[in-house]
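In this text, residue positions in the sequence shown follow the numbering used here: the first is 729, and each later residue adds one.
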Amino acid sequence: MKRESASPHKNRWVSIASILTVSCWPGCGSTNLDVNIFLLNTEFFFDNLPPHGRIVGHNIPIPTKQEYESEAKSIAVLIDQYEANLVGLAEVENRAVVVKVKSHLKKP
Numbered sequence: 729m730k731r732e733s734a735s736p737h738k739n740r741w742v743s744i745a746s747i748l749t750v751s752c753w754p755g756c757g758s759t760n761l762d763v764n765i766f767l768l769n770t771e772f773f774f775d776n777l778p779p780h781g782r783i784v785g786h787n788i789p790i791p792t793k794q795e796y797e798s799e800a801k802s803i804a805v806l807i808d809q810y811e812a813n814l815v816g817l818a819e820v821e822n823r824a825v826v827v828k829v830k831s832h833l834k835k836p
């Protein structure tokens with residue numbers, strides 16, 4: 729009997745639901761808990777350092793250092809504006825780009 733694996737799309741929603749459940753669990757007994765969640769698809773947020781890989785082919789240009797810094801600052805401004813308790817970023821190259829965004833936040 730052939731067993732089908734779960735689709736990556738389904739796994740993504742299971743992961744998001746799990747994160748939300750765990751993050752909200754401590755406040756289940758509280759009636760005055762506000763949780764602000766901010767999810768952002770950064771659309772190919774890559775740094776300017778190699779290696780870059782070929783995730784989507786050759787059509788995505790590698791950013792210059794200035795473009796990379798500007799994008800990191802712009803994402804941080806959005807996060808600061810929403811004052812989120814929980815932030816999710818999609819389509820980032822690696823942990824280093826997330827750390828770069830974090831370095832530009834008002835409250836890291």
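Built from N, CA and C at the ideal position, the CB exists for glycine as well. None of these values were measured; they are calculated from a predicted model.
### Nearest to K801 (by Cα), restricted to the options D775, I744 and D762
D775
### Query
Under 9 angstroms between the Cβ atoms of L768 and L814?
no
### Task
Could you check what DSSP says for V820 in three-state terms: helix, strand or coil?
strand
### Message
According to DSSP, is A765 part of a helix, a strand, or is it coil?
### Response
Residue identity differs from the one stated: residue 765 is Ile in this sequence, not Ala. Strand, per DSSP.
### Query
Helix, strand or coil for T749 per DSSP?
helix
### Message
Strictly by DSSP, which residues pair up with F773?
### Response
V820
### Query
Considering only residues of the same chain and omitting the five flanking positions on each side of E771, which have a CB-CB separation below 8 angstroms?
E819
#### Entry: Endpoints, the alpha helix (DSSP H) within which K801 is located
K793 to Y810
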